[in-house]
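Residue numbers (the working numbering), protein chains in the order written: chain A, 13 to 128; chain B, 281 to 391.
In what follows, a structure is listed as structure tokens, so that the remarks can point back to it.
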Amino acid sequence: DARVTQTPRHKVTEMGQEVTMRCQPILGHNTVFWYRQTMMQGLELLAYFRNRAPLDDSGMPKDRFSAEMPDATLATLKIQPSEPRDSAVYFCASGLGQGAGADTQYFGPGTRLTVL
Amino acid sequence: DAKTTQPTSMDCAEGRAANLPCNHSTISGNEYVYWYRQIHSQGPQYIIHGLKNNETNEMASLIITEDRKSSTLILPHATLRDTAVYYCIVRVSGTASKLTFGTGTRLQVTL
Numbered sequence: 013d014a015r016v017t018q019t020p021r022h023k024v025t026e027m028g029q030e031v032t033m034r035c036q037p038i039l040g041h042n043t044v045f046w047y048r049q050t051m052m053q054g055l056e057l058l059a060y061f062r063n064r065a066p067l068d069d070s071g072m073p074k075d076r077f078s079a080e081m082p083d084a085t086l087a088t089l090k091i092q093p094s095e096p097r098d099s100a101v102y103f104c105a106s107g108l109g110q111g112a113g114a115d116t117q118y119f120g121p122g123t124r125l126t127v128l
Numbered sequence: 281d282a283k284t285t286q287p288t289s290m291d292c293a294e295g296r297a298a299n300l301p302c303n304h305s306t307i308s309g310n311e312y313v314y315w316y317r318q319i320h321s322q323g324p325q326y327i328i329h330g331l332k333n334n335e336t337n338e339m340a341s342l343i344i345t346e347d348r349k350s351s352t353l354i355l356p357h358a359t360l361r362d363t364a365v366y367y368c369i370v371r372v373s374g375t376a377s378k379l380t381f382g383t384g385t386r387l388q389v390t391l
């Protein structure tokens with residue numbers, strides 16, 4: 013069945029290194045979300061796109077984070093330079109933009125990032 | 281989006297019904313009640329949503345009070361695989377937009 017896929021599933025890196033996380037949304041979904049989950053903050057939205065255009069990235073630290081959708085089948089979240097406080101699980105979710113079922117978001121398995 | 285209040289944790293015996301409450305006293309007329317759950321080490325999973333009528337699907341039932349200020353998610357026959365954190369979210373429906381997750385209810389299903 014159709015699923016959101018994320019790579020890598022786990023990433024350990026050192027402070028200052030660049031990290032790129034990738035997400036493949038469900039085919040036909042035109043809305044893609046990036047969430048971050050930590051023990052302290054819980055699940056929080058970083059950014060989301062519709063039809064590849066950013067709609068809201070207010071939850072994302074602008075100085076080091078960037079999110080893009082090079083095409084409809086790929087979304088990326090990049091951190092440069094990474095810091096220990098970025099250690100978290102990053103989830104990608106996708107959904108339909110409008111119509112029946114528009115509000116259901118389908119989440120990927122997440123990327124567990126550890127920054128040493 | 282309206283604020284929701286859920287108990288921090290609940291226990292349920294396997295095979296019994298799990299009833300998870302949610303208070304949303306400031307809900308607006310155009311806001312829906314959504315439920316998602318997150319099983320350990322997995323991404324959140326949509327369960328069900330409703331506006332004012334009771335809803336049922338293959339996973340659960342959603343009971344919304346007449347004044348819409350509270351609701352209950354019912355898992356009719358809980359299994360060990362239903363152990364998860366359950367999130368009640370209130371938001372306007374129509375177009376896909378962000379979900380605001382609270383702390384949820386940690387449901388532990390036991391033998």
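Don't be surprised by glycine CBs; every beta carbon is placed ideally from N, CA and C.
Quick caveat, the model's predicted, so the values are computed rather than measured.
Item, Value
"For the ligand ADP, is there any heavy atom lying closer than 8 Å to the beta carbon of Asn303(B)?", "Among the components modelled here there is no ligand, and therefore nothing to report on the ligand ADP."
"Are any of the Cβ atoms in chain B nearer than 9 Å to that of Leu67(A)?", "yes"
"Taking the straight line between their C-alpha atoms, what separation do you get for Gly122(A) and Gln322(B)?", "7 Å"
"Kindly confirm or deny that the region 91-104 of chain A and the region 353-368 of chain B touch, where touching means at least three C-beta pairs closer than 8 Å.", "no"
"Any residues in the region 305-317 of chain B with a beta carbon nearer than 9 Å to a beta carbon of chain A? Which ones, in chain order?", "Tyr312, Tyr314, Tyr316"
"Identify the continuous beta strand (DSSP E) that holds Asn303(B) and give its terminal residues.", "298-303"
"Which residues of the region 83-117 of chain A have a Cβ closer than 8 Å to any Cβ of chain B? Give them in chain order.", "Phe103, Ala105, Gly107, Leu108, Gly109, Gln110, Ala114, Asp115, Thr116, Gln117"
"Alpha carbon to alpha carbon, how far is Gln110(A) from Thr359(B)?", "34 Å"
"Assign Leu39(A) to one of three DSSP states: helix, strand, or coil.", "coil"
"Taking Tyr326(B) as the reference, give the member of Thr390(B), Val389(B), Val365(B) with the closest Cα.", "Val365(B)"
"Exposed or buried, Lys378(B), counting other C-beta atoms within 10 Å across all chains shown (16 or more means buried)?", "buried"
"Since Glu56(A) is in the beta strand (DSSP E), which residue starts that stretch and which ends it?", "54-62"
"Does Ser351(B) have its Cβ less than 9 Å from a Cβ in chain A?", "no"
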